[in-house]
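In my numbering, the protein residues as written are 62 to 394.
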Amino acid sequence: MPDDSHIASSRRTVLAAAAGLVTAAAASGRAQAAEMAAPRPPLVDPENAYPRPPFPEQSQPWPGLAGKMNPRPDHGETSYRGSGRLAGRKALITGGDSGLGRAAAIAYAREGADVAIAYLPQEEPDAREVVALIREAGRKAVALPGDLRDSKYCAQLVQHAHDELGGLDILVSNAGRQRHQASILDITDEQFDETFRTNIYALFHLSKAAIPLMPRGSAIIATASVNAFSPSEILLDYSATKGAIVAFVKSLAKQMVHKGIRVNAVAPGPFWTALQVSGGQTEENIHNFGGETPMGRAGQPAEIAPIYVLLASSEASYITGQVYAASGGTGVG
Ligand code: NAD
Ligand code: MG
């Protein structure tokens with residue numbers, strides 16, 4: 062005859078252990094939920110999240126420094142929180158010293174990518190800050206100054222970035238040149254040539270050098286503009302290059318499907334960056350910068366970084382040949 066009291070006692074032990082497990086699982090579930098819930102980002106009122114025009118009078122010699130702008134742009138230095146979305150990735154970002162490229166560089170590093178930035182030698186002070194921020198995120202930073210108007214530099218840049226990072230699976234062709242002119246008659250042959258060399262030739266040379274080095278799953282991202290769709294009358298040559306970038310990206314995306322490389326563009330509206338205060342806009346437009354958008358304010362670079370992250374990440378595996386805008390409500394397309 063089994064000893065009932067013994068069975069009852071072992072059953073109690075099993076039940077108690079099971080209850081313990083359930084309690085522990087519930088506690089760990091609650092802890093996980095709490096961890097996932099924290100930090101809880103506050104709701105942001107988009108209309109009033111950042112400074113509205115008028116902006117203080119200012120101008121800088123080209124190419125300008127973010128560090129000398131007033132107010133200083135927000136590139137996400139104190140706000141961007143990563144969650145491993147680009148862990149182990151290797152990215153080259155042109156114009157990574159300031160503006161949209163800097164915001165992308167900070168976000169990529171905090172998402173777990175090693176990042177090479179390219180910029181002009183005059184921009185060393187901005188570039189140093191970005192290198193420090195990438196390293197603070199625990200990632201490898203590579204600084205590769207040079208002039209993208211030179212096709213040889215474009216090819217060397219890609220090779221150096223690849224060699225220094227130990228691979229390359231994200232190319233952000235973001236550097237850009239913008240000089241306002243009221244009339245086509247004021248645009249010199251040199252300006253026309255420089256704008257095209259910087260904005261569209263460099264995209265061609267960088268892509269050509271990068272594609273043979275990129276594994277399946279890689280991403281190419283170009284920075285276009287709302288000016289591709291609704292060109293400003295004072296940005297004739299610039300707008301033409303941005304239209305060319307959109308067509309280039311859509312065509313290259315189709316070519317690259319069977320190589321497993323996605324190709325997309327970002328179309329920013331007015332963002333508060335050095336390019337605008339160093340000859341990109343008239344003084345009057347700087348004063349009222351962003352005021353013409355439905356939201357009535359300029360974008361800050363931190364507000365566009367999430368698009369660069371999405372387009373680079375494997376979450377975007379079905380997204381190619383597209384143009385993503387952040388423009389304060391200004392329509393594109
Ligand atoms: P930015 O001045 O901060 O960045 C532009 C960068 O381009 C510079 O930092 C510089 O490093 C690089 N560059 C320019 N000429 C170069 C050359 N010859 N060789 C090497 N590098 C060169 O300004 P941003 O606004 O962040 O510009 C980034 C991109 O965003 C550009 O393609 C620009 O056309 C585009 N964009 C900007 C806005 C805006 O409102 N700021 C709007 C639409 C598109
Ligand atoms: Mg710069």
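Even for Gly, the Cβ is constructed at its ideal location relative to N, Cα and C.
{"Item": "At 4 residues or longer, and completely inside the stretch 334-359: list those alpha helix (DSSP H) runs for me, N to C.", "Value": "344-348"}
{"Item": "Over the uninterrupted alpha helix (DSSP H) stretch that includes S144, give me the two end residues.", "Value": "Premise fails: S144 is in no alpha helix (DSSP H) and is neither H nor E."}
{"Item": "Just tell me which of L297, G156, A198 has its CA closest to the CA of L181.", "Value": "G156"}
{"Item": "Is R210 near ligand 1, going by C-beta to nearest heavy atom under 7 Å?", "Value": "yes"}
{"Item": "Report the three-state DSSP secondary structure of P329 (helix, strand or coil).", "Value": "strand"}
{"Item": "Report the partner residues of V219 according to the DSSP bridge assignment.", "Value": "Paired residue(s): none; V219 is not in a bridge."}
{"Item": "Per DSSP, S234 is paired with what?", "Value": "A283"}
{"Item": "Does DSSP put Y385 in a helix, a strand or coil?", "Value": "strand"}
{"Item": "Assuming H266 contacts S212 under a Cβ cut-off of 8 Å, what Cβ separation, rounded to an integer in Å, is found between them?", "Value": "5 Å"}
{"Item": "Quick check on the DSSP output: the beta strand (DSSP E) that includes T155 runs from which residue to which?", "Value": "151-155"}
{"Item": "How far does the alpha helix (DSSP H) with P186 in it extend, from its first residue to its last?", "Value": "185-197"}
{"Item": "Would you say the beta carbon of Q239 is closer than 7 Å to some non-hydrogen atom of ligand 1?", "Value": "yes"}
{"Item": "Taking the alpha helix (DSSP H) that Y368 belongs to, which residues open and close that run?", "Value": "A small correction: the amino acid at residue 368 is Ile; Tyr does not occupy that position in the sequence shown. It spans 366-373 - the alpha helix (DSSP H) in which I368 sits, taken as one unbroken run."}
{"Item": "Identify which residue in P112, P367, S120 has its Cα closest to the Cα of A386.", "Value": "P367"}
{"Item": "Measure the CB-CB distance between P329 and I365 and report whether it falls below 8 Å.", "Value": "yes"}
{"Item": "Compare the beta carbon distance of R196 and E255 with 8 Å and say whether it is the shorter of the two.", "Value": "no"}
{"Item": "Among residues of its own chain, excluding the 5 on either side of D300, which ones have a beta-carbon nearer than 6 Å to its beta-carbon?", "Value": "Looking at the sequence itself, residue 300 is Ser, so the reference to Asp does not match. N288, P292, listed in sequence order."}
{"Item": "What residues in its chain sit with their C-beta under 6 Å from that of S388, if we drop five residues either side in the sequence?", "Value": "V287, G330"}
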